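In short: position in the sequence shown from 1, add 971, done, that's the numbering used here. Just so it is clear, CB atoms sit at the ideal spot from N, CA and C, and this is done for glycine as well. Everything numeric in this text was worked out from a predicted model, so none of it was measured. Notes to accompany the following structure.
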Amino acid sequence: MKKNYSFPVFFFCLFMLFCNTETKAQLTILTPNDTMVCGPTLLRASTTVTPATVVNPVDDDYAPHTSAIGFPFVFYNRTYMRCLISSNGYITFNLQDTLPANLYSAWSLDSFSTTNGPCTDSNNSCVNSICGVYEDLYLVNSGTIETYTIGIAPFRKFCVNFCTCPMYLPSFGCNQTETFQIILYETTNNIEVHIAQKHLCTGWNNGLAIEGVADSATAPGQGTIHATPVPGRNCKMWTATNDAYRFTTYSVDSYTVAPIPFAPIPDVPPGTVYWYHGNTLLGTGNTITVNPVDSTTYTAIFPSTNCSFTDTFTDHVRLLIAQSMTIRSTVTPPSTCGACDGQIEIQGMTPNVNDSIIFMKNAIWQPAVIYHTNSDSIGFISNLCAGNYDSVIAYTPTHCPSNVLAPVVFNNPPFSANFTDSIAFGCKADTVYFRDKSFSVGATTTLFRWEYGDGSVDTSSSILHSHVYKAQGIYNPTLVFTNTFCIDSFAIKTNLRHQLLANFTVPKDLLCQGETEAFTNTSIDTTRNGIAPSYNWYFGDGSTSTAFSPSYAYGYEDTGTYTAMLIAQDFVPCYDTAYQVFNVISKPKAYDMDSSFCGPNTTIPIGMIINNADTYLWSTGATTPTIIPDTEGIYTLTATNHCGPDISSVKVTLYDCDKCLFVPTAFTPNDDGLNDIFHVRVLCPIRTFGLKIFNRYGQLVYTSYYVNQGWDGKFNGVPVDIGTYLYEVTYTPDLLNAHELYRKGDVTVIR
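Right, dumping it as C-alpha cells:
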C-alpha cells in the first residue's frame, strides 16, 4: 500500500553534447582477417558477457543498499562513487541524511508547481537526482530494476535498467508498464535517458511525470534549485516511445539537454554464436571448422535481447586460398668438428621470388630463412652446425607450404683428447711424463690446455712433456683439447702416494705416575725392488727401538706430557712420521684453607686442586667443586681423579656484614673526659672505611678514613652548636666475598 507522502517535485535546466553512443562489439573472431589457408581451418569466436545486479526495492522504497558506479562520476561539480536507486524511476546521490536506503521515496506529483521556474524548492527526495521517468511506479508483483558497468577505463558506462515496471495501480486505470534506461559515462560525465516505452495514466497523480536532472546546491525551502528538465516533461503529461535525451555539463550548476538516437546498452546474457557463409547458416557455437575451395568471407553473429533492449554483435573474417609446391634437397655436412658450414640445398622452390623456409633444429623452431630464388628454383639453408634438422618447409605469400623434407642429421667429424703417463717417484717431488695422443679431422688450429690437478696449468703442444708434483697424493691430470669450435677433455687418475704411512696405537693416553704404556705398530708400507721399510721408535723419555712393534712396555715415573714418535723409511728412501701424545698425572692434591665470609649465603671455593679432579664429595653430601654453607664450621672435601682420591678441609667463619658497625646516637664533647668523641665501632674485620658528617644545612663538617679516628664535635677548630647532625659511613669488610656497604643516620651533639 502507498504511504500518502505529499512531496512536491522539481525539475530542471539545460544540457548539450556530442559523443558516440554506439555500443562496442562484444563478439570477436580470433582468426586474423585475410588469413592464408590451405585446407580445413578452425574459426574461433570470443564473446563477452556483462553480468547485471538486480536491485529491486520493495513498494516505493529506495534500494536496500547503495550501488557502486564503478568509476568516479562528477554531478554538479561533485564527485560520487555510489548512488541510490528509487523504485519511482530515478537515481539520487543523497546517500546519507535526506534519503537513507530502504526507506520510502516521494511519489506524489499533484502539488508540483512551476511558479519559480522549472523546479520547485520543496521536494526533498528529488534534489541531487537524475530522473529517467519519475512517476508513481509499483514493483511489488512484477518489474525489475538492474545495474551493470561495462566498457574499459577511462570510457566505462554505468547503466540502470527499469524493465517493464508497472504503474500504480490498475484500479486507477494505470495498467501499463514502463521500460527505460539511465546511463552515466566515465570521463565525459554525460548522462543519457533512453525510453523504450512511457505511457500516460491520468487516473493517478493527474498523469504527471518528470524527465531531467536537479542539483541540491540550495537547501529545500530556501530558493530555486538548479535543474535541467527535458522540455515539456517537467511534471507534465507526456508519452514517449524509443526516445532518448543526453545531458551535457554546461557549467558547474547547469546542463544542456538534447535529443539523441534511441540506442540503449543491453546487458548481454549468455547467448549463441551463429556462423554464416553468405546467407547460409553453417552452424552454432564458439568454434567451427571450414574448408573453403576459394577465397571467401565468413560471418559470426551474436544476437542479444535484455529488458526489451536489443542488439546484434557481428564480426567477419576473410580466408585466402593458396597453392602448394613440391621440394627436394641435397645436404653438405660441416667440414670439421664444431664448424657451422653445413648446408641444405632445396630444389623445386618458386623461381624469382622471395621464398620463406622454416625448419626445426633439435625440435626447436628456428627463425625463418628468406631466400630470393633465381630461375633455377634453388634455395639454401646455410651456416648449419651439427644437429637434427627436420620439418623443413618452403612457402611464398601466394602458395601454401610445401611438402616436408625428410629429417637431416649432421654429426660432428671425429675430435677427441687423449694421452698416457709414466711416473718417476721422489721424496720431495714426483715427476710425471705425459704423451699426447689427441685426434682431430679437418684443417683447423688445435689448442691444448693441460690441467695437472695441483693447480698448475700450461698450454704445451709438445707430444711428450713432463710435470713435477711437489706433494704426494692422488691427482687427476686433464687435457682440454679445442679447435675453437669443439672442445673435448680427457683425464686419468695418477696415484703419487708411496704407500708409506707411519702409524701406531697406545692403549691409553692418560697415565698415572709409574704406570706403564705399550706401543703397537699399525703402519702401512710398500716393498719395492726387494727393499722393505724400516722403523725407528722414540718414546719421549729417551728410550728407542727399531722393532716393528716393540714387545715390551715402558714405565713413566715423572708427571708431564710425553710425545712418542715412529719414523718409517721406504725404498726411495722417503720418510713418514707418526706421533702419539699422552699425559702422566698424579693423584689430586688440595690444600686446607680457612676462610671468613659475609653470610649466611655465600659460595665457598675449596682451594688449589693441583691436578684437576674428576669428582667431588663434600661432608655435606654435595658433589660440586663449591658449596654454599649456611652455618659456621669445618667442611671436608674428597677430590678424586684417574689416579685416586685426596681429602682436604676448610674452616668457615660467617659474619653478618650489614651489622658490622655500631654507631652511637649522641655524644657530649664538653672536655669532661666522658663521651667526648663520636666513634664508629666495628664488629668484624674492616678493609676500607669512610665517615662524613654534615650539619642541618648540608655542609660537610667532618671527614675521616680511619676507623679508629673519631669526631671531637668541632668544625675548623671551633665547637659546633648543639643539635642533630647527619652521618654517612661507607665500609668494606675484610672478607673474601665482601663488597662496599653504605649506612647513614644522625647523631646528636649535647653539651
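Ordered along the chain, which non-local residues of its own chain (more than five positions away) have a Cβ less than 8 Å from that of residue i?
i     : result
Q1009 : The sequence shown places Cys at residue 1009, not Gln. Cβ within range, chain order: I1292, A1293, S1295, C1371 and P1372.
V1244 : L998, A1016, T1018, T1255, G1256, N1257, A1271, I1272 and F1273
E1711 : T1659, T1701, Y1702 and T1703
D1224 : Y1047, N1048, D1186, A1188 and H1197
N975  : Any answer about N975 is weak, because its pLDDT of 38 lies below 50 and its placement is not dependable; what the coordinates show is given next. Once the five neighbours on either side are set aside, the close Cβ partners of N975 are S1079.
If you drop the 5 nearest sequence neighbours on each side, which residues of the same chain put their C-beta closer than 6 Å to that of residue i?
i     : result
H1745 : In the structure as shown, the chain begins at 972 and stops at 1722. Residue 1745 is therefore absent and cannot be evaluated.
K973  : Bear in mind that a pLDDT of 44 at K973, under 50, signals an unreliable position, so the model cannot answer this.
P1028 : A1034 and S1058
Q1470 : T1497
T1639 : N1646 and I1721
N1466 : I1445
N1641 : R1722
T1297 : G1319 and N1374
C1483 : C1614
T1285 : I1272
N991  : With a pLDDT of 33 at N991, under the threshold of 50, the modelled position of that residue is not reliable, and no figure is offered here.
N1333 : G1358 and N1359
I need the boundaries of the beta strand (DSSP E) containing residue i, first residue and last residue.
i     : result
P1202 : A1198 to K1207
V1543 : Segment: none, V1543 is in no beta strand (DSSP E) and carries neither H nor E.
A1167 : I1162 to K1169
V1380 : V1379 to F1381
R1420 : L1418 to E1422
G1661 : I1657 to F1665
K1332 : N1325 to K1332
T1150 : T1148 to Y1156
C1699 : The sequence shown places Glu at residue 1699, rather than the Cys named in the question. Start and end: G1694 to P1704.
P1011 : Taken as a continuous stretch (DSSP letters only), P1011 belongs to no beta strand (DSSP E), as it is neither H nor E.
S1675 : L1671 to S1675
K1128 : K1128 to P1137
E1106 : Premise fails: E1106 is in no beta strand (DSSP E) and is neither H nor E.
C1483 : L1481 to C1483
Check residue i in the structure and name its three-state DSSP category.
i     : result
K1630 : helix
P1305 : coil
N1112 : coil
A1190 : Here A1190 scores only 45 on pLDDT, less than 50, and its place in the model should not be relied on; the value that follows carries that caveat. It is coil, neither helix nor strand.
V1718 : strand
F1143 : helix
N1177 : helix
I1000 : strand
A1211 : strand
V1555 : strand
F1064 : coil
A1637 : strand
W1078 : coil
T1037 : coil
P1043 : strand
K1622 : strand
H1248 : strand
Of the choices the options, whose alpha-carbon is the least far from that of residue i?
i     : options                       : result
A1462 : P1235, D1647 and S1387        : S1387
V1700 : I1231, G1661 and G1694        : G1661
D1186 : G1426, N1048 and S1353        : N1048
V1228 : Y1216, P1235 and S1222        : Y1216
P1521 : L1253, N1507 and T1530        : N1507
H1438 : D1392, F1410 and T1416        : D1392
I1352 : S1300, L1108, N1333 and I1335 : S1300
T1417 : Y1527, F1405, L1625 and S1433 : S1433
H1343 : S1362, Q1337, T1159 and G1319 : G1319
R1289 : H1248, P1322, V1653 and A1124 : H1248
C1628 : V1634, E1603, I1618 and C1655 : C1655
Y1366 : N1359, V1375 and G1358        : V1375
G1350 : S1362, P1322 and I1335        : P1322
P1263 : L1014, L1472, E1422 and N1112 : L1014
F1405 : V1098, C1545, A1395 and S1362 : A1395
D1529 : N1333, D1512 and V1098        : D1512
Could you pull out every residue in the same chain whose Cβ sits closer than 7 Å to the Cβ of residue i, ignoring the five residues on either side in sequence?
i     : result
A1587 : Here residue 1587 turns out to be Tyr, not Ala, going by the sequence shown. Excluding sequence neighbours, Y1587 sits near T1594, T1595, P1596, L1608 and A1610.
R1420 : V1428, T1430 and V1451
Kindly examine the ligand MN and report whether one of its heavy atoms sits closer than 7 Å to the Cβ of residue i.
i     : result
L1376 : Looking at this structure, you won't find the ligand MN or any other ligand, since it has none at all.
Quick check: is the beta carbon of residue i nearer than 8 Å to any beta carbon in chain C?
i     : result
I1618 : Among the protein chains of the structure shown there is no chain C, as only one such chain exists.
Since residue i contacts residue j with CB under 8 Å, what's their CB separation in whole angstroms?
i     : j     : result
I1101 : I1162 : 6 Å
V1104 : F1151 : 5 Å
N1099 : F1064 : 5 Å
T1118 : V1045 : Not confirmed; about 19 Å, so no contact.
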